[in-house]
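Report on one structure; see the data block that follows.
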Amino acid sequence: MIAFLSNPWPWYVAGPVIGLFVPLLLLVDGKLFGVSSSLRHVCAAVLPGKPDYLRYDWKRTGLWNLLFVAGIFVGGVIAAHWGGHRDIAIADSTRIALTKLGIHDFSGLAPREVFSWPALLSLKGFISVVVGGFLVGFGTAYAGGCTSGHAISVLADLQVASLIAVVGFFVGGLLATHLILPLVLR
Amino acid sequence: MTMSTQPATDQSTSGQVHRQAAGALLAYFLLGICFGVTLTQSEVLSWFRIQEMFRFQSPRMYEIIAAAVMVAAAAVAVIKRLRLRALSGEPISIPPKSLGYGVRYAVGGTIFGLGWALTGACPGPLFALVGNGVTVMIVAIISALAGTWLYGLLRAKLPH
Chain W
1 MIAFLSNPWP
11 WYVAGPVIGL
21 FVPLLLLVDG
31 KLFGVSSSLR
41 HVCAAVLPGK
51 PDYLRYDWKR
61 TGLWNLLFVA
71 GIFVGGVIAA
81 HWGGHRDIAI
91 ADSTRIALTK
101 LGIHDFSGLA
111 PREVFSWPAL
121 LSLKGFISVV
131 VGGFLVGFGT
141 AYAGGCTSGH
151 AISVLADLQV
161 ASLIAVVGFF
171 VGGLLATHLI
181 LPLVLR
Chain L
187 MTMSTQPATD
197 QSTSGQVHRQ
207 AAGALLAYFL
217 LGICFGVTLT
227 QSEVLSWFRI
237 QEMFRFQSPR
247 MYEIIAAAVM
257 VAAAAVAVIK
267 RLRLRALSGE
277 PISIPPKSLG
287 YGVRYAVGGT
297 IFGLGWALTG
307 ACPGPLFALV
317 GNGVTVMIVA
327 IISALAGTWL
337 YGLLRAKLPH
């Protein structure tokens with residue numbers, strides 16, 4: 001069990017396990033696997049002066065999703081506690097490319113030079129965390145789903161809408177990686 | 187006699203429904219925990235892995251996504267073929283996403299993709315990263331809530 005938690009899973013374990021969440025969520029109570037709708041439910045629950053998009057019974061439609069997301073947080077705590085300190089064994093070519101962009105700290109899940117409270121005040125930290133987070137929220141709301149909802153659940157249902165969305169995900173990701181990040185990280 | 191027993195029966199069924207609903211909610215919380223562990227152990231929540239993917243320098247993320255979609259697709263096909271019902275008795279259906287002009291998927295998808303590469307995380311991993319101690323991602327989540335709220339404000343004016 002400890003070894004299972006402390007070693008990273010190979011792709012042929014990780015991929016199928018992620019895929020299994022789709023049938024499991026459907027079989028419990030007919031819910032569609034997706035995380036970004038939790039953002040909408042939180043807005044609907046806490047924000048005053050709501051636009052129509054956020055006026056609905058969030059407890060009825062979204063409570064399960066909010067609990068699922070709370071679980072994701074707890075799962076992260078558990079994995080971090082029993083998994084211990086982890087470094088990501090990325091490809092040498094990626095390490096070289098990122099070093100050229102000024103990344104030197106390769107420990108942990110994300111580079112501390114960019115993703116830490118002090119770095120939040122730097123341009124690279126602000127754009128990566130604040131602007132990036134904003135685009136994640138706006139984009140998933142506009143597209144009606146994120147990686148879990150579109151790229152896995154509904155793509156698995158072979159729907160064209162999700163195929164378009166997934167192509168969009170990669171167009172955006174490639175633009176940001178190859179055109180924006182080189183300007184931001186330097 | 188029938189009249190007087192009616193309310194009692196109603197109460198017991200509604201009690202059962204409540205228990206069932208609470209059971210389902212607990213199950214989703216536990217599944218969330220499993221998913222948080224999965225996101226961490228598969229390393230898909232790492233900015234480094236996302237960079238590796240968008241630079242095409244390792245097949246790992248593509249293998250993971252492809253395997254996940256194939257397993258999910260096979261399972262969904264079986265559920266549909268056998269017309270399985272959920273444990274709660276609900277019929278299972280995946281509502282079709284209305285295609286419209288497809289603008290929302292192309293444009294919204296691209297905007298999300300920009301954010302995915304900048305933060306190195308999609309929504310699930312944001313929550314899992316906070317659990318893993320990358321607490322600055324709380325700011326990314328608050329920012330994502332602001333983005334979701336702005337979409338709500340602008341929705342009527344945006345092409346879909």
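Going down the list, the sequences are from chains W and L.
Residue numbering for the first sequence is 1 to 186, as defined by this note's numbering.
Residue numbering for the second sequence is 187 to 346, as defined by this note's numbering.
Think of the CB as a built atom: it goes at the ideal place given N, C-alpha and C, for glycine as much as any other residue.
The continuous alpha helix (DSSP H) containing residue 340/L extends over residues 323-340. At least 7 angstroms separates the beta-carbon of residue 338/L from that of residue 56/W. Pairwise C-beta distances place the segment 3-18 of chain W in contact with the segment 223-232 of chain L, as three or more of them are shorter than 8 angstroms. Residue range 92-100 is occupied by the alpha helix (DSSP H) that includes residue 96/W. Shown here, residue 145/W sits in coil according to DSSP, grouped into three states, outside any helix or strand. Sorting 309/L, 296/L and 314/L by C-alpha distance to the C-alpha of residue 109/W places 314/L at the top.
Residues of the same chain with a CB within less than 7 angstroms of the CB of residue 274/L, apart from the 5 flanking positions on each side, are 206 and 210 in chain order. Not a single C-beta of chain L is nearer than 7 angstroms to the C-beta of residue 3/W. Taking the CA atoms as reference points, residue 106/W sits about 24 angstroms from residue 251/L.
Among the residues of the segment 320-337 of chain L, those with a Cβ less than 8 angstroms away from any Cβ of chain W are 320, 321, 322, 323, 325, 326, 327, 328, 329, 330, 331, 332, 333, 334, 335, 336 and 337, in the order of the chain. For residue 68/W, a Cβ of chain L is located within less than 7 angstroms of the residue's own Cβ. Distance from the CA of residue 305/L to the CA of residue 334/L, rounded to the nearest whole angstrom, comes to 16 angstroms. Residue pairing for residue 105/W: DSSP places it in no beta bridge.
Within the segment 58-92 of chain W, the residues whose Cβ lies closer than 7 angstroms to some Cβ of chain L are 63, 64, 67, 68, 69, 70, 71, 72, 73, 74, 75, 76, 77, 78, 79, 80, 83, 88, 90 and 91, listed in chain order. Per DSSP, residue 246/L has no beta-bridge partner at all. In the DSSP assignment, the residues bridged to residue 87/W are 107/W and 108/W. With respect to chain L, the C-beta atom of residue 115/W has a partner C-beta closer than 7 angstroms. By the Cβ neighbour-count rule, residue 329/L is buried, with 16 or more other Cβ atoms within 10 Å of its own.
DSSP, read as helix, strand or coil, puts residue 290/L in helix. Close CB contacts of residue 237/L within its chain, under the 6 angstroms cut and outside five residues either way in sequence, are absent. In the DSSP assignment, residue 177/W falls outside any alpha helix (DSSP H) and carries neither an H nor an E. For a Cβ distance threshold of 8 angstroms, nothing in chain W lies close to residue 201/L: the least Cβ distance comes to about 18 angstroms. Annotation: residue 308/L to residue 115/W spans about 15 angstroms, alpha carbon to alpha carbon. Relative to the Cα of residue 91/W, the nearest Cα in the group 336/L, 299/L and 239/L belongs to 239/L. In this chain, the alpha helix (DSSP H) harbouring residue 18/W covers 11-29. Residue nearest to residue 184/W within the set 137/W, 103/W and 167/W is 103/W (criterion: CA-CA distance). Minimum Cα-Cα distance from residue 332/L among the listed residues 19/W, 176/W, 139/W and 122/W corresponds to 139/W. Shortest Cα-Cα distance from residue 33/W to any of 50/W, 134/W, 89/W and 156/W involves 156/W. Scanning the segment 207-280 of chain L from its first residue to its last, the whole alpha helix (DSSP H) runs of 4-plus residues come out as 233-240 and 246-267. In this structure, the alpha-carbon of residue 234/L lies about 8 angstroms from that of residue 94/W. In this structure residue 23/W is buried. Its beta-carbon is surrounded by 16 or more other beta-carbon atoms within 10 angstroms.
At least 7 angstroms separates the beta-carbon of residue 232/L from that of residue 72/W.
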